[in-house]
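S.K.: According to my numbering, the sequence shown is numbered sequentially starting from 9. Ideal placement from N, C-alpha and C gives every residue a C-beta, glycine not left out. Owing to the predicted nature of the structure, the values given are computational and were not obtained by experimental measurement.
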Amino acid sequence: MTISQEKEAQILRYHHVEKWPVGTISRQLGVHHDAINRVLSQAGILKAERSQRASLIDDYLPFVLKTLEQYPLLCASRLYAMVKERGYTGGPDHFRHLIAEHRPRKIPEAFQRLKTLQGEQAQVDWGHFGHLTIGQARRPLMAFARVLSWSRKIFLRFYLNQQMANFLRGHEAAFECWQGLPKV
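#1: My output table needs one value for Q170: the three-state DSSP class, helix, strand or coil.
#2: Return the chain-ordered list of same chain residues with a C-beta closer than 6 Å to the C-beta of A153, the five sequence neighbours on each side being excluded.
#3: Comparing C-alpha positions only, which one of R94, T141, R86, A173 sits nearest to D101?
#4: Can you look up H139 in the DSSP assignment and give me helix, strand or coil?
#5: Do G99 and L64 have their C-beta atoms closer together than 7 Å?
#6: Going by the beta-carbon positions, is the gap between A51 and L82 smaller than 7 Å?
#7: Distance, Cα to Cα, W158 vs R94?
#8: Provide the residue(s) that pair with M90 in DSSP beta bridges, ordered along the chain.
#9: What is the residue span of the alpha helix (DSSP H) that F76 lies within?
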């Protein structure tokens, strides 16, 4: 949208002489505020920087940061009580919100989600579950676990030794239970 010379002059007069803010000029003339800002910037008038308002917590922030550095797991309610003892006048909910911004963040562990199609993949684990005493014999208790990746359906069977034959029997039993086998 192009603005006529008369309207530009009116915008500049309202801004300089009347000291109207951009929003008021926009409403009065029925012109979008971005157009008003463009006219003012072309005239060499810089947009006023907004100053950051002081917060109630500003005086206590060094103490809070130092405390969180020493005790990163300290809950906000306890921290609020400590700051309240030092003269903080704000409310607990607002304090909790402000502290959340300054609390040290955990670095998330890197992992990649496994996405498979139905019947495409299963994963197997063979684990040791301690020992059993049967009569006079002490036998290892082994678990064969097979999980279908898509449905998370699990097959679990225990064996009393670590022989390869039992590991293969676990596979066969899982195939029979699920009436088939996955691609991978």
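M.R.: Here's the rundown:
#1: coil
#2: D133, L164
#3: R86
#4: strand
#5: no
#6: no
#7: 55 Å
#8: The partner list for M90 (beta bridge, DSSP) is empty, contrary to what the question assumes.
#9: Looking at the sequence itself, residue 76 is Leu, so the reference to Phe does not match. That run of the alpha helix (DSSP H) goes 69-78.
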